[in-house]
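Enquirer: One structure, as structure tokens, below. Some questions next.
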Amino acid sequence: MAGAPMKSRLVWFVALWLLGVGATGLVALVIKVWLGA
Numbered sequence: 002m003a004g005a006p007m008k009s010r011l012v013w014f015v016a017l018w019l020l021g022v023g024a025t026g027l028v029a030l031v032i033k034v035w036l037g038a
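Its first residue numbered 2, the sequence shown is counted upward by one per residue in my numbering.
Right, dumping it as structure tokens:
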């Protein structure tokens with residue numbers, strides 16, 4: 002299981018990337034709604 006740490010790191014990277022994309026999309030949606038209201 003020598004590749005386990007690298008795989009774990011990749012999982013963390015993907016999870017953080019998805020979290021960042023989700024947060025960016027949420028902020029954009031809030032701004033769009035706020036400007037449209």
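All C-beta atoms in this analysis are idealised placements derived from N, C-alpha and C, irrespective of residue type, glycine included.
Just so it is clear, the structure is predicted and the values come from calculations on it, not from any experiment.
(1) List the endpoints of the continuous alpha helix (DSSP H) containing ALA5.
(2) Could you compute how far the alpha carbon of LEU20 sits from the alpha carbon of ARG10?
(3) At a threshold of 6 Å, does GLY37 count as lining the ligand NAD (C-beta to nearest heavy atom)?
(4) By Cβ distance below 6 Å, which residues in the same chain neighbour VAL28 in space, the five residues on each side in sequence not counted?
Expert: This is what the structure holds:
(1) 5–37
(2) 15 Å
(3) The model on display carries no ligand, and the ligand NAD is accordingly not part of it.
(4) none
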